[in-house]
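So the structure is just underneath, and the comments pick up after that.
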Amino acid sequence: MKIYPFKIPKKPQENIVVQEDHDLSFFDKLHQHEEIQISHILEGRGKLVVGNKVHRFEPGDTFAIGSNIPHLFKSRVSNAKSRMLSLFFLPNAFGENFFDLPEMKQVAPFFDKINFGISLKSANSAIYEKFKMIKSLNKYELFLRLLDVLESFSATDSLPLSNYPYQKNLSNDHGKRLQLIFDHVMKNFQDEIKLKTIADLIHMSPNAFCRFFKQRSNKSFFTFVIEVRIEHACQLLLEKKEMSKAEIALLSGFNTISNFNKHFKSVKGISPSKYQERMSLN
Numbered sequence: 001m002k003i004y005p006f007k008i009p010k011k012p013q014e015n016i017v018v019q020e021d022h023d024l025s026f027f028d029k030l031h032q033h034e035e036i037q038i039s040h041i042l043e044g045r046g047k048l049v050v051g052n053k054v055h056r057f058e059p060g061d062t063f064a065i066g067s068n069i070p071h072l073f074k075s076r077v078s079n080a081k082s083r084m085l086s087l088f089f090l091p092n093a094f095g096e097n098f099f100d101l102p103e104m105k106q107v108a109p110f111f112d113k114i115n116f117g118i119s120l121k122s123a124n125s126a127i128y129e130k131f132k133m134i135k136s137l138n139k140y141e142l143f144l145r146l147l148d149v150l151e152s153f154s155a156t157d158s159l160p161l162s163n164y165p166y167q168k169n170l171s172n173d174h175g176k177r178l179q180l181i182f183d184h185v186m187k188n189f190q191d192e193i194k195l196k197t198i199a200d201l202i203h204m205s206p207n208a209f210c211r212f213f214k215q216r217s218n219k220s221f222f223t224f225v226i227e228v229r230i231e232h233a234c235q236l237l238l239e240k241k242e243m244s245k246a247e248i249a250l251l252s253g254f255n256t257i258s259n260f261n262k263h264f265k266s267v268k269g270i271s272p273s274k275y276q277e278r279m280s281l282n
């Protein structure tokens with residue numbers, strides 16, 4: 001099935017699309033679309049892949065994803081509902097140079113950062129209030145609300161979602177191959193993942209696969225796998241405090257506690273214990 005590029009359903013003359021995802025999981029296929037996406041998580045937890053980086057998402061988080069950046073939301077397997085409100089709009093929806101006008105100076109920082117994606121981590125009550133009741137706004141009110149949200153992103157400290165800007169569309173073939181890779185990693189990161197297995201999955205030799213993945217993510221395949229495992233470990237450290245670090249390491253795909261500690265510090269800059277202690281204070 002061809003899913004690249006993903007088409008945002010919209011009515012004629014509709015420049016801003018409001019979408020609510022409310023199910024056991026979000027759309028978890030790697031996809032890209034022309035529209036800028038701004039999403040606020042209301043319920044649900046899981047992993048977010050944007051470009052070449054892996055993140056956790058939880059209620060209160062808000063993300064902005066630029067045009068054509070490959071991404072997917074992978075909800076954690078549970079019986080709990082996942083709920084997300086999103087705004088979609090094209091950069092030129094209101095005229096080719098609309099956001100270059102002097103009057104738009106306050107939202108310029110948003111567009112400076114959007115090629116890498118933007119994350120407002122932690123519950124942000126101001127952003128939540130802006131998304132509240134957004135589905136009931138008329139077109140004029142929605143336009144003003146969008147500008148308000150862009151200004152909030154511009155004025156608030158944020159984190160980049162990726163460190164590798166995407167400026168072009170993925171082909172159908174490359175998109176489907178990356179989807180197979182990401183699906184396999186998300187389902188099997190707790191087990192050993194062999195290079196030949198993943199290369200065979202997309203009908204490439206191991207060397208060709210390594211080049212293919214590096215060219216499209218600016219990192220090695222196993223660096224990506226380690227990042228997925230570390231994000232899963234972070235989730236367990238915060239939600240399963242009764243677990244030992246050795247148990248968390250094993251459930252996250254690491255065979256030894258020393259290997260886990262080494263990779264955790266390499267990705268997060270601190271030890272698992274320090275991370276757990278620091279995040280518990282927030």
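Sequential numbering of the sequence shown, starting at 1, is according to the working numbering. Backbone N, C-alpha and C define an ideal beta-carbon position, used for all residues, glycine too. Every value quoted in this text rests on a predicted model; they were computed, and no experiment measured them.
- H40: member of the beta strand (DSSP E) spanning 36-43, first to last residue.
- For I114 and A64, the gap between their C-alpha atoms comes out near 7 Å.
- For D191 against G95, the beta-carbon gap comes to about 51 Å, at or over 8 Å, which does not count as contact.
- When secondary structure is reduced to three states using DSSP, G269 falls in the coil class, being assigned neither helix nor strand.
- Between L150 and V107, the gap from beta carbon to beta carbon is short of 8 Å.
- Buried is the label assigned to Y275, since at least 16 other Cβ atoms lie within 10 Å of its Cβ.
- Taking L42 as the centre and dropping the five residues before and after it, the same chain places the C-beta of P59, R83, M84, L85 closer than 7 Å to its C-beta, in chain order.
- When beta bridges are read from the DSSP output, F88 appears opposite V17, Q37.
- Cβ-Cβ distances below 8 Å link L238 to Q276, M279, S280 in the same chain, with the five nearest sequence neighbours on each side left out; the list follows chain order.
- DSSP, reduced to helix, strand and coil, places T197 within a helical segment of the structure shown.
- A check of alpha carbon separations from F131 across H40, S266, V267, E35 identifies H40 as the nearest.
- In the DSSP assignment, F209 falls outside any beta strand (DSSP E) and lies within the alpha helix (DSSP H) extending over 206-217.
- With fewer than three CB-CB distances shorter than 8 Å, the region 216-224 does not count as touching the region 244-260.
- Per DSSP, reduced to three states, the secondary structure at T62 is strand.
- Per DSSP, the beta-bridge partners of L120 are T62.
- With a cutoff of 8 Å on beta-carbon distance, I226 and L161 are scored as not near each other.
- Inter-residue distance for F88 and E35 is about 6 Å (C-alpha atoms, whole angstroms).
- The distance from the Cβ of L30 to that of L178 is about 6 Å, consistent with a contact at the 8 Å cut-off.
- By the Cβ neighbour-count rule, N52 is buried, with 16 or more other Cβ atoms within 10 Å of its own.
- Rounded to the nearest whole angstrom, the C-alpha separation of D61 and L236 is 18 Å.
- Counting the other Cβ atoms within 10 Å of the Cβ of E231 gives 16 or more, which makes it buried.
- The beta carbon of F189 sits closer than 8 Å to the beta carbons of V225, V228, R229, H232, S252, G253 from its chain, once the five residues preceding and following it are set aside; these are given in chain order.
- Annotation for H55: the continuous beta strand (DSSP E) segment containing it runs 53-57.
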